[in-house]
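Peer 1: Position in the sequence shown (from 1) plus 4 gives the number in the numbering used here.
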Amino acid sequence: MKLKRILALAGIVILVGLYLTCLLFALTDHPQKTAVLSASFYATIVIPVLLYVFLFVARLLKKYRNKPEDNASSGHFSSL
5 MKLKRILALA GIVILVGLYL TCLLFALTDH PQKTAVLSAS FYATIVIPVL LYVFLFVARL
65 LKKYRNKPED NASSGHFSSL
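Pasting the structure below:
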């Protein structure tokens, strides 16, 4: 549960930082404001998807670690 909170907080901080940077560049009429706006839109979609994937993989790894090995206890070897 702690991993979820850390990743969620990191995602929120990154997205808020991107939005504030985008707003600052737009208000100051900076030449890079279009690139920052594009990066902000891109990150709005990519960061939550990446966080979801990380949590999904962590959940799968946790289940895999807790699952007992069936093949090792059976004593059967596969022949090539």
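We put the beta carbon where it would ideally sit given N, CA and C, even for glycine.
Note that this is a predicted model, so its numbers are computed, not measured.
Answer yes if the segment 5–12 comes into contact with the segment 20–37, meaning at least three C-beta pairs across the two stretches below 8 angstroms, and no otherwise.
Peer 2: Look at the beta carbons and you see the segment 20–37 not touching the segment 5–12: under three pairs across the two are nearer than 8 angstroms.
Peer 1: Starting from residue 52, trace the alpha helix (DSSP H) in both directions and tell me its first and last residue.
Peer 2: Within the sequence shown, the letter at position 48 stands for residue 52. Residue 52 -> alpha helix (DSSP H) spans 37–70.
Peer 1: Under the three-state reduction of DSSP, which class applies to residue 25: helix, strand or coil?
Peer 2: Along the sequence shown, read from residue 1 onward, the residue named residue 25 stands at position 21. Residue 25 falls in the helix class under three-state DSSP.
Peer 1: Under 7 angstroms between the Cβ atoms of residue 51 and residue 16?
Peer 2: Walking along the sequence shown from the start, residue 51 turns up at place 47. Walking along the sequence shown from the start, residue 16 turns up at place 12. Contact: no.
Peer 1: Using the Cα positions of residue 48 and residue 69, report the straight-line distance between them to the nearest angstrom.
Peer 2: Residue numbering aside, residue 48 sits at position 44 when the sequence shown is read from its first letter. Residue numbering aside, residue 69 sits at position 65 when the sequence shown is read from its first letter. The straight-line gap from Cα to Cα measures roughly 33 angstroms.
Peer 1: Can the beta-carbon of residue 44 be found closer than 7 angstroms to that of residue 22?
Peer 2: As a first step, residue 44 must be located in the sequence shown, where it is residue number 40. As a first step, residue 22 must be located in the sequence shown, where it is residue number 18. Yes.
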